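Protein chains in written order, with my numbering: chain A, 4 to 581; chain B, 6 to 176.
For reference, the structure is listed below as structure tokens.
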Amino acid sequence: MSTVRLTINGQPCEAEAGMTILDAARSIGIKIPTLCYLREINEIGACRVCVVEVKGARTLVASCVYPVSEGMEVFTNTERVLKSRKMTVELLLSNHDKKCLSCVRSGNCELQELSRQLGCDDQKYKGKVQRFALDASTPYLIRDNNKCILCRRCVAACEKVQGIGVIGANGRGFDTEIGSYFLKNLSEVNCVGCGQCIAVCPTGALREKSEGDEVLRALQNPQKYVVFGTAPSVRVGLGEEFGFADGTDVEGKMVASIRRLGADAVFDVDFAADLTVMEEGYEFLNRLQNEGVLPMMTSCSPAWIKFVEHNYPALIPNLSTCKSPQQMFGATVKTYYAEKTGRKPEDVVVVSVMPCTAKKFEKERKNQAAAGVPDVDYVLTTRELAALLRKQGILFASLPDESFDAPLGISTGAGVLFGVSGGVMEAALRTVSEVIEGKPTPIVFSEVRGTEGIREADFAFAGKKVKVAVASSLSKAKILCEEIKNGNSRYAFIEIMSCPGGCVNGGGQPIKTADERNFGSFVVDRTESVLKNDERSTLRKSHENPVVQELYASYFGSPNSEKAHEVLHTTYEQRPKY
Amino acid sequence: MGKINCTTVAFRGTPEQEKELREKLQETKKMQGGLMPSLQAAQEIYGYLPVEVQKIVAEELHLSLEEVFGVSTFYAQFSLNPKGETAISVCLGTACYVKGSGDIMARIERELGLTEGTTSADGKYSLSATRCIGCCGLAPVLTVNGEVYGRLVPDDVPKILAKYKNEGGSL
């Protein structure tokens, strides 16, 4: 790589040839605002917010895509530049539904922030304003195109990160609208509900369908016994909503805050993750030893399940029949726990807090009602929980650290690993290897850790050589599915997480700005926090969880028993490709 | 242009048409930016681009259906609706427009219960807007199956439609 020398705002700068002006400026401490730009997935230079002046150039250039060159003189903050940015944003505002006071994204809206920074007048241009109907057809998402600025970040997340491409720009010019083919609602197309589109949306055009009010109603109903369960990665994301550094583990405050909301019991879905390891581990052993369908693929990530049902129905037998930890949690609460505490399942309300929007879809799937009532009643995303806590006046940062309630709040380090890509595999390996070999085996399986690409590892179980693979994001999952479809998969066990990096980067986690996505490290920070949580756990193998042991001893009998199948396993269905 | 109008006309594609399309796509899919020529070939064969046809294009080119649909709705040359047996085009070019072709369009929409850019579900009538057809002296003009009618007022519309109604024997 050759180096070029240029100046930015008069400051000398050395940059690699081919680097963009945006990155070169950043390397010497100059931030250029962006709006449509997302590194690697949406480098389209469309919004013109990042324009800068280059000496000798005829027009202002989009710094997010314009490469540096030798001797270039760049100015990022001239009057001409600022005027142009301001006009660009004012034009966007002229066709924007400016209901900022009641917008879910008020306070963390990138358009609002730019408008404020640039000193925009939101009434500067008055012209035709588009009116679009809301798409609230799915249980997980609301699209409000009246707030859409056509940056196409959601389109890029769907197409490039997930390889699905269920949304795009339809029509042209002023009439352009982001939507699906033949103007279908999201519930009528092969959307998987991962929520990555929400996570990258700069405005309030995309948001989850909130269940917060329903949860408050249940909490205030004296007839209802309300049980909360929190997913592994919520504890490393929630703090960001309350000013903590990215990835701070706020488990204790999270438990305390939910208790102050009025929950009757605060349990941990990590416990159900331990249960999943037992069921899925034994299912895998059974498939391995009895020539069952291989590779077996994990079933924790509901967007992934829906992806297989739409796009690879022939691979449904490869999916583990295990319910996800969320559903195992709800099922266990409404069967075992309700029986044990003498409550009717219909009087127990299960609220799960998830980093995920697809979980809202999952809870409504068929065969997710072990006690005859839905296993899970309400799903709150991490963001919704934060909103609820603020609404109820709970001062999160000042709360003491508290512990989960017994018995379903007891979990191992293996359970918390479910929050990161590779975690389910590692948790399963810890248990499977030990159960087969009958002697203590290593705790850390670093081969499957990480967020990049497709990772694989070789293991020997009971004399059999086994190759496993781990991938996150559905575009990566697609590669593994194609291999199986074409009969050249070399794996016996595959872990898939729909979101890149796993649940820590789920579609229900706190919103990060494009700037944090392009230049920050929040996924790594959250991941490391999960790994540390595992490291400091006393118990790090799921089969050592005393509550799991007691559950099998007194209720399920053994993993994969008839009773376990009835409560903890489910079925899948083919769904149309389009 | 404006609103996107998905068709309500039942698909009547034949196996021969599909065979022809798939053959054409074997060539166009190899081209860089092959989606445009693919859609042009498809429209050549079917006359329009309904979902059934776009699915074939998406499948052969390994693209998402939405990407195909997005392109088909971006370019004015592509139509989501088939031409009706009676194809009506109203000129909305400058000269015709200032002479009141907007009112002509509105009247036809009302008479036929159709909106601009759509085709009646039975495939009998289609209504589209066109730009200047080169006879501004006759403004405002419309064409029906290529036949030009000029110097119109809205009350002329029922008479013209009646002519085709009798010919077509329906509506």
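For each residue, glycine too, the CB sits at the ideal point set by N, CA and C.
Please read these numbers as outputs of a predicted model, since none were measured by experiment.
Using a Cβ-Cβ distance cut-off of 9 Å, determine whether residue 135 of chain B contacts chain A.
No - not a single Cβ of chain A is within 9 Å of the one on residue 135 of chain B.
Do three or more CB pairs link the segment 205-223 of chain A to the segment 233-244 of chain A at distances below 8 Å?
No, because fewer than three Cβ pairs between the segment 205-223 of chain A and the segment 233-244 of chain A fall closer than 8 Å, the two stretches do not touch.
What distance in whole Å lies between the Cβ atoms of residue 527 of chain A and residue 411 of chain A, which are believed to be in contact at a cut-off of 8 Å?
About 31 Å; that fails the 8 Å criterion.
In whole angstroms, what is the alpha-carbon distance linking residue 530 of chain A and residue 249 of chain A?
Taking the straight line from one Cα to the other gives about 10 Å.
Taking Cβ-Cβ distances shorter than 9 Å, what residues in chain B pair up with residue 183 of chain A?
The answer, in chain order, is 70, 71 and 74.
What span of residues does the alpha helix (DSSP H) with residue 23 of chain B cover, start to end?
Residues 20-33.
Please list the residues of the segment 151-174 of chain A that have a C-beta atom closer than 8 Å to any C-beta atom in chain B, keeping them in chain order.
For the segment 151-174 of chain A, which is checked against every Cβ of chain B, the residues closer than 8 Å are 162, 167, 168, 169, 170, 171, 172, 173 and 174.
What are the residues in the segment 75-103 of chain B lying within 7 Å of chain D by C-beta distance?
Absent from the structure is chain D; the protein chains it does hold are A and B.
Going by alpha carbons, who is nearest to residue 403 of chain A out of A/170, A/259, A/516 and A/202?
It is A/259.
Tell me which residues share the same chain as residue 24 of chain A and place their Cβ nearer than 7 Å to its Cβ, disregarding the 5 neighbours each side in the sequence.
Counting only Cβ-Cβ distances below 7 Å, and skipping sequence neighbours, we find 55, 66, 69, 71 and 77.
How would you call residue 342 of chain A, buried or exposed, if buried means at least 16 neighbouring beta carbons within 10 angstroms?
That one is exposed.
For residue 40 of chain A, name the three-state secondary structure that DSSP assigns.
Coil, per DSSP.
Output needed in chain order: residues of the segment 35-62 of chain B with a Cβ under 8 Å from some Cβ in chain A.
Against chain A - using a Cβ distance shorter than 8 Å - the residues of the segment 35-62 of chain B are 56, 59 and 60.
For chain B, is any of its Cβ atoms less than 9 Å away from the one on residue 186 of chain A?
Cβ-Cβ to chain B under 9 Å: yes for residue 186 of chain A.
Give the DSSP-derived three-state secondary structure of residue 380 of chain A in the structure shown.
The answer is coil: DSSP assigns residue 380 of chain A none of H, G, I, E or B.
Once DSSP output is grouped into helix, strand and coil, what is the label at residue 77 of chain B?
Three-state result, residue 77 of chain B: helix.
How about residue 136 of chain B and residue 98 of chain B: are their beta carbons less than 9 Å apart?
Result yes, Cβ atoms of residue 136 of chain B and residue 98 of chain B sit closer than 9 Å.
Chain B partners of residue 315 of chain A, CB-CB under 9 Å?
None at all; the shortest Cβ gap to chain B is about 15 Å.
Tell me which same chain residues have a C-beta within less than 8 Å of the C-beta of residue 122 of chain A, skipping the five on either side of it?
Excluding residues within five positions, the ones whose Cβ falls inside 8 Å are 89.
Restricting to Cα atoms, I'd like to know which of A/453, A/514, A/420 and A/504 is closest to residue 545 of chain A.
Per the Cα distances, A/420.
What residues in its chain sit with their C-beta under 6 Å from that of residue 332 of chain A, if we drop five residues either side in the sequence?
Excluding positions up to five away in sequence, the list reads 232, 272 and 275.
Terminal residues of the continuous alpha helix (DSSP H) containing residue 428 of chain A?
Segment 426-440, the alpha helix (DSSP H) holding residue 428 of chain A.
Would DSSP call residue 232 of chain A helix, strand or coil?
Strand.
So, at 6 Å on beta carbons, what are the nonlocal neighbours of residue 432 of chain A in its own chain, with the 5 sequence-adjacent residues on each side left out?
Answer for residue 432 of chain A: 448, listed in chain order.
With distances taken between CB atoms, is the gap from residue 201 of chain B to residue 155 of chain B smaller than 9 Å?
Residue 201 of chain B lies beyond the residue range present for chain B, which begins at 6 and ends at 176; the question has no answer from this structure.
What does residue 11 of chain B touch in chain A if you count any residue whose Cβ is under 8 Å from its own?
Those are 185 and 186, listed as they occur along chain A.
Does the separation of the CB atoms of residue 199 of chain A and residue 154 of chain A fall below 9 Å?
Going by C-beta atoms, residue 199 of chain A is not nearer than 9 Å to residue 154 of chain A.
Suppose you measure from the CA of residue 140 of chain A to the CA of residue 285 of chain A; what does that come to, to the nearest Å?
Approximately 38 Å between the Cα atoms of the pair.
Would you report the Cα separation of residue 95 of chain B and residue 103 of chain B, rounded to the nearest angstrom?
If I take the Cα positions, the gap works out to 13 Å.
Measuring alpha carbon to alpha carbon, tell me which residue in A/171, A/562, A/75 and A/215 is nearest residue 388 of chain A.
Cα-wise, what sits closest to residue 388 of chain A is A/215.
Within 9 Å of any Cβ in chain B, is that where the Cβ of residue 178 of chain A sits?
Judged by the 9 Å Cβ criterion, residue 178 of chain A is in contact with chain B.
On the DSSP letters alone, give me the boundaries of the alpha helix (DSSP H) that residue 94 of chain A sits inside.
Here the alpha helix (DSSP H) through residue 94 of chain A covers 82-97.
Check this for me: beta carbons of residue 325 of chain A and residue 506 of chain A, under 9 Å apart or not?
Contact flag unset, no.
Residue range of the alpha helix (DSSP H) that residue 14 of chain A falls in?
That residue, residue 14 of chain A, is in no alpha helix (DSSP H); its beta strand (DSSP E) goes 14-19.
Quickly, what does DSSP pair residue 144 of chain A with across the bridge? List them, please.
Answer by DSSP bridge pairing, in chain order: A/211.
Measuring alpha carbon to alpha carbon, tell me which residue in A/441, A/339, A/243 and A/33 is nearest residue 556 of chain A.
Among A/441, A/339, A/243 and A/33, the Cα nearest to that of residue 556 of chain A belongs to A/339.
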